[in-house]
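199 is the number that the UniProt record's numbering gives the last residue of the sequence shown; the numbers go up by one with no jumps. C-beta atoms are modelled at their ideal positions from N, C-alpha and C, and glycine is treated no differently.
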Amino acid sequence: MNVLIIDTLPIYAHGLNVGLVKMLPEARVVNTSNIDSFWLELNEGGISIIILDGEMEHICCIALLDELSIKYPQVHVIVSLRKVKKSRVRQYLRHRAVAVICKDQPLEAVVQVLRAAETGLICLPDSSVLDDEHYRSIETLSERQREILSLLADGQSNKQISRCLNISAGTVKAHLESIFRRLNVNNRTQAAMMFVEEE
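Next up, the structure:
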């Protein structure tokens, strides 16, 4: 796991860096508060996860998410916020962030989010963020989750999906559980129907 932290508060970025290195000794963690060095690190390659400061100017943050999704679609972006607001979380998800964390979250919780995000699972600080009907949408799923849902809608079993995507059946099951929660459905049939309706 190679993590790049960009935050306008250097002291927070440094502290998070030190903490993550202690808890994830196998990980490479780099932090910066400068957008130029941020792009330099990305261009060198190998970055798998970005922790992006959601407190930077909102328009800049959204534009950066969009640019990252085009230039580096394989990199998972986590947005960090001092205070979580539903409207902002929803907006970040629409612009392909895979997780939102609070800056005061325990380090252990951040590590869990990093591990989940690395597999493409979407993580939220509070599931109630997406309770509104309007946001029970395929649009809010990660690219991997949409792939799985598409195969599920084609009638494929977990084992078939795992073979097709070259991932374990356990990973498929974890993704499906996350998909069901995100879409507020109880089973495969309901999820497949929602996929067909939105497509």
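query, result
"Who are valine 172's beta bridge partners in DSSP?", "BP columns for valine 172 are empty, so no partner."
"When you compare each of Trp39, Lys159, Glu55, Gly120 to histidine 76 by their alpha carbons, which one comes out closest?", "Gly120"
"Three or more C-beta pairs closer than 8 Å, one from the segment 30-47 and one from the segment 79-86: is that the case here?", "no"
"Write down the C-beta distance between residue 200 and cysteine 60 rounded to the nearest angstrom, noting that I regard them as a contact closer than 8 Å.", "Residue 200 cannot be examined here, being either before or after the span of the chain that is shown, 1 to 199."
"Report the three-state DSSP secondary structure of aspartate 66 (helix, strand or coil).", "helix"
"Which residues bound the alpha helix (DSSP H) around cysteine 164?", "158-165"
"Does the structure place the segment 96-112 close enough to the segment 152-160 that three or more beta carbon pairs sit under 8 Å?", "no"
"Can you check the segment 73-99 for any beta strand (DSSP E) of at least 3 residues that lies completely inside it and give the ranges in chain order?", "76-81"
"Taking serine 69 as the reference, which of Lys86, Leu176, Arg182, Leu42 has the closest Cα?", "Leu42"
"Rank Ala117, Arg163, Glu108 by C-alpha distance to the C-alpha of glutamate 143 and give the top, closest one.", "Ala117"
"Residue range of the beta strand (DSSP E) that isoleucine 138 falls in?", "Where isoleucine 138 is concerned, there is no enclosing beta strand (DSSP E), given that its DSSP letter is neither H nor E."
"Provide the residue(s) that pair with isoleucine 6 in DSSP beta bridges, ordered along the chain.", "Thr32, Leu52"
"Which residue marks the beginning of the alpha helix (DSSP H) containing valine 113, and which one marks its end?", "107-118"
"Mind checking which residues open and close the alpha helix (DSSP H) that includes serine 150?", "143-153"
"Could you pull out every residue in the same chain whose Cβ sits closer than 8 Å to the Cβ of leucine 152, ignoring the five residues on either side in sequence?", "Ile161, Leu176, Arg188, Ala191, Ala192, Phe195"
"Report the partner residues of isoleucine 101 according to the DSSP bridge assignment.", "Ser80"
"At the level of alpha carbons, what is the spacing between lysine 22 and leucine 40?", "25 Å"
"So, using beta-carbon positions, are methionine 1 and leucine 16 closer together than 8 Å?", "no"
"Just checking my contact of isoleucine 6 with isoleucine 49 at CB under 8 Å: how many whole Å lie between their CB atoms?", "Incorrect: roughly 12 Å between the Cβ atoms, too far for contact."
"Quick one: is asparagine 166 buried, meaning 16 or more other Cβ sit within 10 Å of its Cβ, or exposed?", "exposed"
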